[in-house]
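Student: Okay, so the sequence shown: first residue is 235 according to the working numbering, each after it adds one.
All residues carry an ideal CB built from backbone N, CA and C; glycine is no exception.
Here you go, one structure.
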Amino acid sequence: MTEPRATRPHMPGYGVSPSADGMLPWSWARLRLRASHDYWIATVWPDGRPHLMPVWGCWDDEAGLWFSSAHGSRKVRNLAARPTVTVATDDPRNPVVVDGVAELVTDHDAVERFADALNDKYRTGYPMTFFETNALVLVRPHSAFGVADDRFTESPTRWWFDRDGDHARHE
Numbered sequence: 235m236t237e238p239r240a241t242r243p244h245m246p247g248y249g250v251s252p253s254a255d256g257m258l259p260w261s262w263a264r265l266r267l268r269a270s271h272d273y274w275i276a277t278v279w280p281d282g283r284p285h286l287m288p289v290w291g292c293w294d295d296e297a298g299l300w301f302s303s304a305h306g307s308r309k310v311r312n313l314a315a316r317p318t319v320t321v322a323t324d325d326p327r328n329p330v331v332v333d334g335v336a337e338l339v340t341d342h343d344a345v346e347r348f349a350d351a352l353n354d355k356y357r358t359g360y361p362m363t364f365f366e367t368n369a370l371v372l373v374r375p376h377s378a379f380g381v382a383d384d385r386f387t388e389s390p391t392r393w394w395f396d397r398d399g400d401h402a403r404h405e
């Protein structure tokens, strides 16, 4: 994944500087995405209601966020029908929020790498058979937002990932 392009988000009425001074570097967001213990996953029910659930996961600088959930879980069924997703880290004072597209991954090598990363991060011992009943999901980001609590008016930053060359249409 290439370094995303940083922009100032539109936040009228919050006293946010329009200049680029004080915007956060992507390394600030990447650190928080890697360190988050829990990730909040927002999907959409078939009737349009939001569905928000915490998950364990692993941030991969080259791909995005990996997480797993039972094959029949509401979030997996929602993502199968509508793969757009929003992910938030667990720190409400210095949040990183990622918008992207989820895909269900069945590649054995990818599942094995995720299982190893998950077991390392959470000090668990999930065997590969765990994925017989659980789906592996990869969230590929198209944008992210971050703000540092101690520099609220200078720090709000939106990052754009240029996956298909048309990130400007989302701004």
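#1: Any chance the stretch 289 to 306 sits against the stretch 265 to 278, with 3 or more Cβ pairs inside 8 Å?
#2: Who are the near neighbours of W394 in its chain, counting only those whose CB is closer than 6 Å to its CB and skipping five residues on each side?
#3: Taking buried to mean at least 16 other C-beta atoms within 10 Å of its own C-beta, is R385 buried or exposed?
#4: What three-state label does DSSP hand T363 in the structure shown?
#5: Can you give me the C-alpha to C-alpha distance between T241 and R327, rounded to a whole angstrom?
#6: Relative to the alpha-carbon of F379, which residue among A369, P390, D295 and V373 has its alpha-carbon at the smallest distance?
#7: Between the C-alpha atoms of V371 and R264, what's the straight-line distance to the nearest angstrom?
#8: How about A315 and P280: do their beta carbons lie closer than 8 Å?
Tutor: Straight from the coordinates:
#1: yes
#2: Excluding positions up to five away in sequence, the list reads P238, R239, S377 and H401.
#3: exposed
#4: helix
#5: 20 Å
#6: P390
#7: 19 Å
#8: A contact, by the Cβ cut-off of 8 Å.
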